[in-house]
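In what follows, a single structure is set out as structure tokens and then discussed.
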Amino acid sequence: MRTVPSIIHLDMDAFFAAVEQAAKPSLRGKPVVVGGLGGRGVVATASYEARRFGVHSAMPMAQARRLCPNAAFLSGRFAAYRQNSDIVMALLRERSPLVEPLSLDEAFVDLEAGPYGPALAEADPETGAQLVLAVAEDLRADILERTGLTASVGAAGSKLMAKIASERAKPDGLVLVEIGSERAVLSPMPVRALPGIGPATEQTLRRAGLTTVADLADAGEAELVHLLGRAHGTGIHLMAVGHDERAVVPDRDAKSVSVEDTFEVDLADRDRILYEIDQLTARCVKRLRAAGRSGRTVVLKVRRFDFSTLTRSETLRAPTDDEGVIAETARRLALQVDTTGGVRLLGVGVSQLADYTQEDLFAQAAHAAEVEVEAAAAAGAEAGVASAEAGGADAADTAPAVPPALRRWLPGQDVHHAEHGPGWVQGSGVGRVTVRFETPYDPPGRVRTFAVDDPDLEPSDPLPLRRA
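In the working numbering, the protein residues as written are 816 to 1283.
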């Protein structure tokens, strides 16, 4: 056990919503809800202003709208979240090489492994605790300066206690649990405060009269093993008495990469299902390549109209990150699933990850053949257009009219207008899109409305929250 509380847990405050408020001056201090905006969407993050109305993560978006109808409901801008997460993680790695990211906005850091390690090793417990507090305060100040965002930090002698401390620090705070005080901090907490205790385990413990962490510690290891099994019971008892020797593991290796979508209306058309699989594959491959990985097993997830969920997988002869290979495999898997009643969710994933690729030549050849067919069809269409133009007005009159595809604008999306500059989408409908033109560095901006196909309006990349 450590003599200095040198493990810190950092958790950004309402991260997605906070990024949106920092990027959009007109939303600062107002309730903001980020998540899926369709009828089946759920809340990803709610600002603290929205939480006062009872809105929280994983809540159905329809319920959030009823609780807080005046909030700004925005779709996610993951490029912006990744941009700011990279800044935060880089600041953490300046403090120590042992940084264990848990998500875009959350990580453990072992300060003993970094530049402060020698000083912490020589310090007495009180001096070491003061040094940890100073390092954590400097970290929070640097994050605020670089991003304009606030973070909550917990410091302790173990990952368990550091995580609990950061929860107590929220929002925008810092809490340190001194070595030796773990039992006193844990005892009054409900059993759900311990990781690994979910609703089912909680009910098992409640039936045995165990409702607080102190009850678990007093029950003893043997009783918990009897109730929960040897591995689970032993682990829960160790945590209940404040004992946690888990090391901070940097850059934990992902076991798989996957994406999925829930649809507002069940998909019944086979061609539409295959089209959505292709779109999911493109997103999955983008994540796979961003991580510098490839995978050998392609997994398709299908949730049908009756909520039954099926998964199908196929293992290739070698790892790949080729979009055509993965799409062809996912399509084959889709043909094995009965979708006649409708599909409400689709997912495409890749597992058995590796650091190199060796393409499945058969699937790649099938994809190449599809490309050739599409190219030939496009060439034929162009020839038909040329023939119609050569044939004069009669031929033109009989040519089928192809309406241009209207662009889809999502609330919160970054845009740029040739005349008015950068802004973001407030909403769209009936052929119009409303944009507020403002940047993170200026006061709230003006609102203007355009046709959805206005050639001067284009999607854009997110602006940094702080000027370079």
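Here a beta-carbon is modelled for each residue, glycine too, at the ideal position from N, C-alpha and C.
task: Within the same chain, show all residues whose beta-carbon is closer than 7 Å to that of Pro1226, passing over the 5 residues directly before and after it, in chain order.
output: For the purposes of this step, residue 1226 is taken as residue 411 along the sequence shown, with counting starting at 1. Within the same chain, Pro1226 has close Cβ partners Leu852, Phe888, Leu889, Ser890, Val1240, Gln1241, Gly1242.
task: Helix, strand or coil for Phe830, going by three-state DSSP, please let me know.
output: Numbered from 1 along the sequence shown, position 15 holds the residue referred to as residue 830. Three-state result, Phe830: helix.
field: Among Pro1010, Arg1007, Glu921, the one whose alpha carbon lies nearest that of Met811
entry: Nothing about residue 811 can be read from this structure; the chain reaches only from 816 to 1283.
- prompt: Fully enclosed by the segment 1210-1274, which beta strand (DSSP E) runs are 3 residues long or longer?
  reply: 1229-1232, 1236-1244, 1247-1252, 1261-1266, 1272-1274
message: For Arg1147 and Gly943, I'd like the C-alpha separation in whole angstroms.
response: Here residue 1147 is taken as the residue at index 332 of the sequence shown, counted from 1. Here residue 943 is taken as the residue at index 128 of the sequence shown, counted from 1. Roughly 59 Å separates the two Cα atoms.
task: Return the CA-CA distance between Arg961 and Ala971, expressed in angstroms with no decimal places.
output: By 1-based counting over the sequence shown, the position of residue 961 is 146. By 1-based counting over the sequence shown, the position of residue 971 is 156. Whole-angstrom Cα-Cα distance: 26 Å.
query: Hey, Val870 and Ala861 are a contact pair by Cβ (cut 8 Å); roughly how many whole angstroms apart?
result: What you label residue 870 is simply residue 55 of the sequence shown in a count that begins at 1. What you label residue 861 is simply residue 46 of the sequence shown in a count that begins at 1. Between Ala861 and Val870 the Cβ distance is about 4 Å, and since that is below 8 Å, they are a contact.
query: Any idea if Gly1080 is buried or exposed, counting beta-carbon neighbours within 10 angstroms, 16 or more meaning buried?
result: As a first step, residue 1080 is located in the sequence shown; it is residue number 265 there, counting from the start. Here residue 1080 is Val; the residue named in the question, Gly, does not match the sequence. Burial call: exposed.
query: Identify the residues that DSSP records as bridge partners of Asp925: which are they?
result: Taking the sequence shown and counting its residues from 1, the one referred to as residue 925 is at position 110. Note: Asp925 sits in a beta bridge opposite Ile822.
- prompt: Of all the beta strand (DSSP E) runs that stay within the bounds of the segment 828-904, which reach a length of 3 or more residues?
  reply: 847-850, 858-861, 887-889
Cutoff 7 Å; reference Gly1236; Cβ partners in own chain excluding five residues on either side: Counting from one through the sequence shown, the residue named residue 1236 turns up at place 421. Excluding residues within five positions, the ones whose Cβ falls inside 7 Å are Phe1252.
- prompt: With burial defined as no fewer than 16 other Cβ atoms inside 10 Å of the residue's Cβ, what is the status of Leu1150: buried or exposed?
  reply: Locating residue 1150 in the sequence shown gives position 335, counting from the first residue. So Leu1150 counts as exposed.
6 Å Cβ shell around Ala929 - same chain, five flanking residues per side excluded: Your numbering for residue 929 matches position 114 in the sequence shown. One detail in the question is off: residue 929 reads as Gly in this sequence, not Ala. Arg910, Ser911, listed in sequence order.
message: Tell me the DSSP secondary structure of Asp1076 in three-state form.
response: Within the sequence shown, the letter at position 261 stands for residue 1076. Strand.
query: Alpha carbon to alpha carbon, how far is Glu1138 from Pro1279?
result: In the sequence shown, the residue the question calls residue 1138 occupies position 323. In the sequence shown, the residue the question calls residue 1279 occupies position 464. Going by the C-alpha atoms only, they are around 31 Å apart.
- prompt: Are the segment 1070-1085 and the segment 986-997 in contact at 8 Å, needing three or more beta carbon pairs?
  reply: no
- request: Pick out whichever of Arg1261, Ala1083, Gly850, Ala865 has its Cα sitting closest to the Cα of Pro794.
  value: The shown model of the chain, from 816 to 1283, leaves out residue 794, and the question about it has no answer.
query: Hey, is Arg1022 close to the ligand GTP, as in C-beta under 8 Å from one of its heavy atoms?
result: By its list of ligands, the structure shown contains no ligand whatsoever, and the ligand GTP lies outside what it can speak to.
- prompt: Who pairs with Glu1129 in a beta bridge, going by DSSP?
  reply: For the purposes of this step, residue 1129 is identified with residue 314 of the sequence shown, where counting begins at 1. In DSSP, Glu1129 forms a bridge with Val1113.
query: Going by beta carbon distance, what residues of the same chain come within less than 8 Å of Thr1154, once the five residues before and after it are set aside?
result: Against the sequence shown, residue 1154 aligns to sequence position 339. Answer for Thr1154: Leu1082, Ala1083, Arg1085, Ile1088, Val1117, Arg1119, listed in chain order.
field: For Asp901 and Leu975, believed in contact at Cβ under 8 Å, the rounded distance
entry: Position 160 of the sequence shown, counted from the start, is the residue given in the question as residue 975. Position 86 of the sequence shown, counted from the start, is the residue given in the question as residue 901. Contact doesn't hold; Cβ gap of about 27 Å is too wide.
task: Grab the span of the alpha helix (DSSP H) containing Pro933 for me, first residue to last.
output: As a position in the sequence shown, residue 933 is number 118, starting the count at 1. Counting along the chain, the alpha helix (DSSP H) containing Pro933 begins and ends at 932-937.
query: Residue ranges of each beta strand (DSSP E) run of no fewer than 3 residues wholly in the segment 952-1012, ordered along the chain?
result: 966-971, 989-991
- prompt: Would you call the CB atoms of Leu948 and Met827 closer than 9 Å?
  reply: On the sequence shown, position 133 is the one that residue 948 refers to. On the sequence shown, position 12 is the one that residue 827 refers to. No, these two residues do not count as a Cβ contact at 9 Å.
field: Which listed residue (Thr1027, Leu825, Pro986, Asp939) has its alpha carbon closest to that of Lys978
entry: To locate residue 978, count along the sequence shown from 1; it is residue 163. For the residues Thr1027, Leu825, Pro986, Asp939, the minimum Cα distance to Lys978 belongs to Leu825.
message: Check this for me: beta carbons of Leu1125 and Val1152, under 9 Å apart or not?
response: Residue 1125 sits at position 310 when you count from the first residue of the sequence shown. Residue 1152 sits at position 337 when you count from the first residue of the sequence shown. The answer is yes: Cβ separation under 9 Å.
- prompt: How would you write the range of the alpha helix (DSSP H) that Gly1048 sits in, first residue to last?
  reply: Looking up residue 1048 in the sequence shown gives position 233. 1045-1055 is the span of the alpha helix (DSSP H), which, as asked, contains Gly1048.
Buried or exposed by the 16-neighbour rule on C-beta atoms within 10 Å, applied to Gly1107: Here residue 1107 corresponds to residue number 292 of the sequence shown, with the count starting at 1. It is exposed - the Cβ of Gly1107 has fewer than 16 other Cβ atoms within 10 Å.
Val1267 versus Arg1247, Ala865, Pro1255, Pro1277, residue with shortest Cα-Cα distance: Taking the sequence shown and counting its residues from 1, the one referred to as residue 1267 is at position 452. Nearest C-alpha to Val1267: Arg1247.
- request: Return the Cβ separation of Gly1110 and Leu1168 in integer angstroms, given the expectation that the two are a contact with Cβ distance under 8 Å.
  value: Reading the sequence shown from its first residue, position 295 is the one you call residue 1110. Reading the sequence shown from its first residue, position 353 is the one you call residue 1168. The Cβ separation is near 5 Å, so the contact holds.
- prompt: Can the beta-carbon of Gly995 be found closer than 9 Å to that of Ala980?
  reply: Here residue 995 refers to the residue found at position 180 of the sequence shown. Here residue 980 refers to the residue found at position 165 of the sequence shown. Their beta carbons are not under 9 Å apart, which means Gly995 does not touch Ala980 by this criterion.
query: Looking only at DSSP bridge pairs, what is Arg1118 linked to?
result: For the purposes of this step, residue 1118 is taken as the residue at position 303 of the sequence shown. The partner list for Arg1118 (beta bridge, DSSP) reads Thr1124, Leu1160.
message: Assuming the contact rule is C-beta atoms closer than 8 Å, Glu915 and Val1072 should be a hit. Round their C-beta distance to whole Å, please.
response: Locating residue 915 in the sequence shown gives position 100, where the first residue counts as 1. Locating residue 1072 in the sequence shown gives position 257, where the first residue counts as 1. Not confirmed; about 19 Å, so no contact.
- prompt: In terms of residues, what are the limits of the beta strand (DSSP E) holding Thr1063?
  reply: Working through the sequence shown from its first residue, we reach residue 1063 at position 248. First, the residue type needs correcting, since residue 1063 is Val and not Thr in the sequence shown. Here Val1063 belongs to no beta strand (DSSP E), and DSSP marks it neither H nor E.
- prompt: In terms of alpha-carbon separation, which member of Ser973, Val1028, Leu1103 lies closest to Ile1141?
  reply: Taking the first residue of the sequence shown as position 1, residue 1141 is located at position 326. Out of Ser973, Val1028, Leu1103, Leu1103 has the C-alpha closest to the C-alpha of Ile1141.
- prompt: Skipping 5 residues on each side, what residues in its chain have a beta carbon closer than 7 Å to that of Arg1222?
  reply: Counting from one through the sequence shown, the residue named residue 1222 turns up at place 407. Correct list, in chain order: Val1267, Asp1268.
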